[in-house]
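Below is one structure; the comments refer to it alone.
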Amino acid sequence: SAVISQKPSRDICQRGTSLTIQCQVDSQVTMMFWYRQQPGQSLTLIATANQGSEATYESGFVIDKFPISRPNLTFSTLTVSNMSPEDSSIYLCSVEEEERGNIQYFGAGTRLSVL
Amino acid sequence: AQSVAQPEDQVNVAEGNPLTVKCTYSVSGNPYLFWYVQYPNRGLQFLLKYITGDNLVKGSYGFEAEFNKSQTSFHLKKPSALVSDSALYFCAVRDVNDYKLSFGAGTTVTVRA
């Protein structure tokens, strides 16, 4: 499976600031995804990031709050903007490998705490 | 619309006993079904999948799952649980014609020595 590296692994941020999370994959992949896992809850898809096109956001998530970049087939960033304590979550990126049976593989996640 | 239900928040078993984690799903078309495991402070690890074919699928670490179309279920099983199996387990589903995964709420498994 693809090896997915996320940075930072965790961070503590102040209210009103922004944090950019990086996701690096060791192979070229078409589809990358960003998820949020709020404390004690399941995963919620934020957006789908395909190279060469604008990210597709799910209901309840907007580009101004969660801008995403996908400059090439191995890298993506998610920015959490103007943070509030409600943004405290684990943020995970994932990639889908069609040649391996449409399985999504996940990075280790970024644990964000907003004070 | 698609959804997943994991009816048990927690499952507790003794080491060496069988382990079952329940999952039911709803999709408009044919499903792709997945199980993932999450250890503390770690990302999700893929365990196994059902795409097509045999209803009983085998995955990593001795886990298996049985797809039951009539009951729309995909329960995860392990014949003999280990303490190291203690973790949070997620069932996920997607329609064959869509790429979006929907996750269940998760089931915390505790295996006591």
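If you read the protein sequences in the order shown, they are chains A and B.
Residues 1 to 115 (our numbering) are what the first sequence spells out, left to right.
Residues 116 to 228 (our numbering) are what the second sequence spells out, left to right.
A virtual CB, placed ideally from N, CA and C, is assigned to each residue, including glycine.
As the structure is a prediction and not an experimental result, all values here were calculated from the model.
message = Taking the alpha-carbon of Asn183(B) as reference, which of Gly177(B), Leu171(B) and Lys192(B) has the nearest alpha-carbon?
response = Here residue 183(B) refers to the residue found at position 68 of the second sequence. Comparing Cα positions, the closest option is Leu171(B).
ask   = Is it right to say Asn68(A) is buried, meaning 16 or more other beta carbons lie within 10 angstroms of its own, or is it exposed?
value = Residue numbering aside, residue 68(A) sits at position 68 when the first sequence is read from its first letter. According to the sequence shown, residue 68(A) is Ile rather than Asn. For Ile68(A), the number of other beta carbons within 10 angstroms of its own is at least 16, and it is reported as buried.
task = Find the residues of chain A that neighbour Gly158(B), judging by a C-beta separation of less than 7 Å, and give them in chain order.
result = Residue numbering aside, residue 158(B) sits at position 43 when the second sequence is read from its first letter. Chain A residues near Gly158(B): Leu92, Phe106, Gly107, Ala108 and Gly109.
message = Considering only DSSP beta bridges, list what Glu179(B) is partnered with.
response = Your numbering for residue 179(B) matches position 64 in the second sequence. Its beta-bridge partners are Lys173(B) and Lys192(B).
ask   = Is the beta carbon of Glu179(B) less than 8 Å from the beta carbon of Lys173(B)?
value = Looking up residue 179(B) in the second sequence gives position 64. Looking up residue 173(B) in the second sequence gives position 58. A Cβ-Cβ contact shorter than 8 Å links Glu179(B) with Lys173(B).
message = Counting only Cβ pairs nearer than 7 Å, list the residues of chain B close to Ser53(A).
response = As a position in the first sequence, residue 53(A) is number 53, starting the count at 1. Within chain B, no residue comes near Ser53(A); the closest Cβ sits about 14 Å away, beyond 7 Å.
task = Consider the Cβ of Asn82(A): report whether some Cβ of chain B lies at a distance smaller than 8 Å.
result = Counting from one through the first sequence, the residue named residue 82(A) turns up at place 82. No, Asn82(A) lies away from the interface with chain B (no Cβ there is under 8 Å from its Cβ).
request  = Using 10 angstroms around the beta-carbon of Gly131(B), count the other beta-carbons present and answer buried if the total reaches 16, otherwise exposed.
outcome  = Numbered from its first residue, the second sequence carries residue 131(B) at position 16. Gly131(B) comes out exposed.
ask   = What in chain B is Cβ-close to Met32(A), meaning under 9 Å?
value = Working through the first sequence from its first residue, we reach residue 32(A) at position 32. Ordered by position in chain B, no residue passes the 9 Å Cβ test against Met32(A), which lies about 11 Å from the chain.
Helix, strand or coil at Pro85(A) according to DSSP, with G and I counted as helix = Residue 85(A) sits at position 85 when you count from the first residue of the first sequence. Three-state DSSP puts Pro85(A) in a helix.
query = If you draw a straight line from the C-alpha of Ala228(B) to the C-alpha of Asp200(B), how long is it?
reply = Along the second sequence, read from residue 1 onward, the residue named residue 228(B) stands at position 113. Along the second sequence, read from residue 1 onward, the residue named residue 200(B) stands at position 85. Between the C-alpha atoms of Ala228(B) and Asp200(B) there is a straight-line separation of about 11 Å.
ask   = Looking at the structure shown, is Ser76(A) part of a helix, part of a strand, or coil, going by DSSP?
value = Residue numbering aside, residue 76(A) sits at position 76 when the first sequence is read from its first letter. Here Ser76(A) sits in strand by DSSP.
ask   = In chain B, which residues lie less than 8 Å from Ile103(A) when you measure between Cβ atoms?
value = Stepping through the first sequence from its first residue, residue 103(A) is reached at position 103. Those are Phe149, Phe161 and Lys164, listed as they occur along chain B.
Val142(B) versus Phe218(B): straight-line alpha-carbon distance, rounded = Working through the second sequence from its first residue, we reach residue 142(B) at position 27. Working through the second sequence from its first residue, we reach residue 218(B) at position 103. Rounded to the nearest angstrom, the two C-alpha atoms are 12 Å apart.
task = Look up Glu98(A) in the DSSP assignment and say whether it is helix, strand or coil.
result = Taking the first sequence and counting its residues from 1, one reaches residue 98(A) at position 98. Residue state, collapsed to three classes: helix.
key: Euclidean distance between Cα positions of Ser89(A) and Leu112(A)   = As a position in the first sequence, residue 89(A) is number 89, starting the count at 1. As a position in the first sequence, residue 112(A) is number 112, starting the count at 1. In this structure, the CA atom of Ser89(A) is about 5 Å from the CA atom of Leu112(A).
message = Relative to the C-alpha of Tyr140(B), which candidate in Tyr176(B), Gln160(B), Phe189(B) and Glu123(B) has its C-alpha closest?
response = Locating residue 140(B) in the second sequence gives position 25, where the first residue counts as 1. Residue Phe189(B) holds the alpha-carbon nearest to the alpha-carbon of Tyr140(B) among Tyr176(B), Gln160(B), Phe189(B) and Glu123(B).
task = With 8 Å as the threshold, decide whether the Cβ of Ser76(A) is near any Cβ in chain B.
result = Position 76 of the first sequence holds residue 76(A). For Ser76(A), the answer is no, since every Cβ of chain B falls outside 8 Å of its Cβ.
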